[in-house]
DNA sequence: TTGTAGGCGTTATCAA
DNA sequence: TTGATAACGCCTACAA
């Protein structure tokens, strides 16, 4: 089924059908109606490839996700869902590319094959060759997270430094003097993963400013590691009365560790963090945390990308989100024994 | 950058470049080398739209996921990841369509716009209009899960009836006489969601055959509901000594409920289920469960779809997976007090 | 071994 | 208000 067939059945030329659909030229009401009737009857839709070839745009966005081998976190998942939804809302499709490195085949297909009009890049590293690759190709893109030198790049990110600092201040206000940071995994820190670095920075800054004792212990991104992390913390640093964390995946394990050692939250230990609302509310007691707005982030990323596609040479915009900390039940005054 | 430009720079015709790339005609080593040098220098790749238009295939698969508003379960997520990976392995891209109903715009774009060579449909209902829509369009597709009348359709599914029955038999063998089924939500059952129906059927059949007392209580698909479910169970059916479940999302809540009421597992209560390995191992104590092989399922679905695309008229294949139950720590002999 | 030319389905320019 | 036609970039049958 193609436009020629529609034209033939409606007794008009192909261009008239095309114009009737696009509205870029006036078509008599009568003709338009006849064409529409045929289209409805046959269920015609323009062939996407032909249209893309002619128009030079694909009406498709690319979303580069971490390789499937790495389990996606809840936060990342929420982000993928919101990007897809926001794109669908703009009548755009989303092409997925699971790739980490620069030389990934599907990543290369996406960009040099001109399969998409723009790209959203997740899980950016502080030094990220994919960014330079996209810049050299001149394909519009938006990153989630930002590189060490994000000038000239559109990005959306969570201000982990600010959020961790805020939770430290909140805990300090409650009288806590020894606070531990439950950061993302040592591997990620080593790989130059921005959130982990910035959490570190924000923690150090706030702890320094308030004259507190700050403890940092590495922890892998999974429940088992969280449980072990808590044991180690109690063993090595019994003076710690509060924890701040950005490691969502370790939360269930942290909870198990706390329960196993019979530590009362928040009476004996306060916990504040950065997490998707879903996780914060699933914690027991519910977690005082900055709720990461994954849904908004996806929508913002799509919005920024569409702007960039419309005006590739404009000044790049970026968004640094610092959602407020929602007070729940996991933080309270420091114990005074 | 297009094939003409490459041809010009290499001093050959466009067809020679095309043949050098496809290998469908012999090209002298010297010419081939010259062409390759130019391609490498300029980073040329065939335009996907032009190629799709000419060849009549897009080298893209469509994956229809549940709408973003519904939180994807871990199992679904694992499935998406494995489909994307399997597709990438075959040098295919994956286009995502978040849609529930038949008249969804992105779903329609996918199929009548010929944006994909085939489609994988997740979260099939017993009566699913998307299936009939795809059949009428004549687009190859594979479903995850199957409809009430799956004749002539390719599908991959988990044999929930068999797995639930097996877990009931396992529990009966351990001496349990009153067993509760923690099924998916009442809404899903009402909507004709296959796994929920088949779990029910398998449960009823096995319970009947072993002469047991079978309890069914509805439970929404989230942790809070799981916790409440367990309370209700203890209140209304204190005689129950074993639970079988396919409701992954309710597991964390079930666990909390068990801990809150200080019920010892498996001494006072045995639990067996169907769940992604990740969830089973995250449960405390680790859950005796049939581990849903999401990774394999995605790969199988892609494999079946590729077969179907290659031979659309062949006999439709299907796969009903019944992975063995992995014995872990949550099941034991019935208490005898 | 290589080149020429036609057509995939669409949109847009030019002409009527 | 409408129609004929060229062009997007690629692949391939045919010709040399």
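Residue numbers (the UniProt record's numbering), protein chains in the order written: chain A, 1 to 337; chain B, 1 to 337.
Here a beta-carbon is modelled for each residue, glycine too, at the ideal position from N, C-alpha and C.
Keep in mind it's a predicted model, so treat the numbers as computed, not measured.
Beta-carbon proximity of residue 298(A) to residue 287(A), cut-off 8 angstroms: No, they are not a contact pair.
Cβ-based contacts, 7 angstroms cut-off: residues of the region 48–77 of chain A near chain B: So the list reads 48, 49, 50, 52, 53, 58, 68, 72 and 77, given in the order they occur along the chain.
Proximal residues to residue 319(B) (C-beta, below 6 angstroms), its chain only, five neighbours per side dropped: Same-chain partners within the cutoff: 156 and 300.
CB contact check: residue 299(B) to chain A, cutoff 8 angstroms: For residue 299(B), the answer is no, since every Cβ of chain A falls outside 8 angstroms of its Cβ.
Residue 114(B) in three-state terms, based on DSSP: Residue state, collapsed to three classes: coil.
Within chain A, the residues that residue 43(B) reaches when beta carbons sit closer than 7 angstroms: Neighbours of residue 43(B) on chain A, chain order: 112.
Interface partners of residue 129(B) on chain A, CB under 8 angstroms: Ordered by position in chain A, no residue passes the 8 angstroms Cβ test against residue 129(B), which lies about 14 angstroms from the chain.
Candidates 8(B), 302(B), 141(B) and 197(B): closest to residue 118(B) by CA position: The shortest Cα separation from residue 118(B) among 8(B), 302(B), 141(B) and 197(B) belongs to 141(B).
Contact check, residue 230(A) vs residue 257(A), beta carbons under 8 angstroms: Contact flag set, yes.
4-residue-minimum alpha helix (DSSP H) runs that sit fully inside the region 274–317 of chain B, ordered along the chain: With a minimum length of 4 residues, the continuous alpha helix (DSSP H) runs that stay inside the region 274–317 of chain B are 277–282 and 294–310.
Enclosing alpha helix (DSSP H) for residue 241(B) [first to last residue]: Residue 241(B) -> no alpha helix (DSSP H), and no H or E assigned at all.
Per-residue burial, residue 64(A) [other beta carbons within 10 Å of its own, 16 or more giving buried]: Flag for residue 64(A) reads buried.
8 angstroms contact criterion, which residue 66(A) and residue 123(A) should meet: CB distance rounded: Yes, they are in contact, since the Cβ atoms of residue 66(A) and residue 123(A) sit about 5 angstroms apart, within 8 angstroms.
Beta-carbon spacing of residue 58(A), residue 50(A) below 8 angstroms: No.
Nearest residue (CA-CA) to residue 48(A), options 112(B), 78(B) and 29(B): Cα-wise, what sits closest to residue 48(A) is 112(B).
For residue 232(A) and residue 259(A), the rounded distance between their alpha carbons: Using only the alpha carbons, I get a separation of about 15 angstroms.
Counted within 10 angstroms of its Cβ, other Cβ atoms place residue 263(A) as buried (16 or more) or exposed: The residue is exposed, with fewer than 16 neighbouring Cβ atoms inside 10 Å.
Simplified DSSP state of residue 143(A), which is helix, strand or coil: The DSSP-derived three-state label of residue 143(A) is strand.
Cross-chain neighbours of residue 95(A) in chain B, by beta carbon under 9 angstroms: Taking a Cβ-Cβ cut-off of 9 angstroms, the neighbours of residue 95(A) in chain B comprise 60, 93, 94, 95 and 96, given in sequence order.
Listed by chain order, chain B residues near residue 282(A) by CB distance under 8 angstroms: Within chain B, the residues near residue 282(A) are 223 and 252.
Within 8 angstroms, strictly: CB atoms of residue 199(A) and residue 249(A): Residue 199(A) places its beta carbon 8 angstroms or farther from that of residue 249(A).
Minimum length 3: unbroken beta strand (DSSP E) runs contained in the region 146–195 of chain B: Those beta strand (DSSP E) runs which fall completely within the region 146–195 of chain B and span 3+ residues are 154–158 and 178–182.
Three or more C-beta pairs below 8 angstroms linking the region 213–220 of chain A and the region 137–152 of chain A: No, they do not touch.
Cβ pair count under 8 angstroms reaching 3, the region 234–245 of chain B against the region 179–189 of chain B: Contact annotation: the region 234–245 of chain B touches the region 179–189 of chain B, with at least three C-beta pairs closer than 8 angstroms.
Between the CA atoms of residue 270(A) and residue 332(A) - distance to the nearest angstrom: C-alpha separation (whole angstroms): 6 angstroms.
Residue(s) in a DSSP beta bridge with residue 63(A): According to DSSP, residue 63(A) bridges with 96(A) and 120(A).
Exposed unless 16 or more other CB atoms sit within 10 angstroms - verdict on residue 16(A): Flag for residue 16(A) reads buried.
Chain-ordered neighbours of residue 46(B) on chain A, where CB pairs are closer than 8 angstroms: Within 8 angstroms Cβ-Cβ: 113.
C-beta atoms of residue 96(A) and residue 94(B) nearer than 8 angstroms: For residue 96(A) and residue 94(B), yes; Cβs fall inside 8 angstroms.
Local conformation of residue 50(B) per DSSP, three classes: Note: residue 50(B) maps to helix in three-state DSSP.
Contact with chain A by residue 109(B), beta-carbon distance below 8 angstroms: Interface residue (Cβ-Cβ distance to chain A less than 8 angstroms): residue 109(B) is classified as such.
Interface positions of the UniProt domain "HTH cro/C1-type" (5–45) of chain B facing chain A (Cβ-Cβ less than 9 angstroms), listed along the chain: So the close ones are 43, 44 and 45.
Nearest neighbour of residue 221(B), chosen from 83(B), 239(B) and 189(B) [CA to CA]: In terms of Cα proximity to residue 221(B), the closest of 83(B), 239(B) and 189(B) is 189(B).
Local conformation of residue 212(A) per DSSP, three classes: In the structure shown, residue 212(A) sits in coil (DSSP, three-state: anything other than H, G, I, E or B).
Residues of its chain near residue 9(B), where Cβ-Cβ distance is below 8 angstroms and the 5 sequence neighbours each way are ignored: Taken in chain order, the residues that qualify are 38 and 42.
Cβ of residue 330(A) within 8 angstroms of any chain B Cβ: Taking Cβ atoms only, chain B never reaches closer than 8 angstroms to residue 330(A), which makes this a no.
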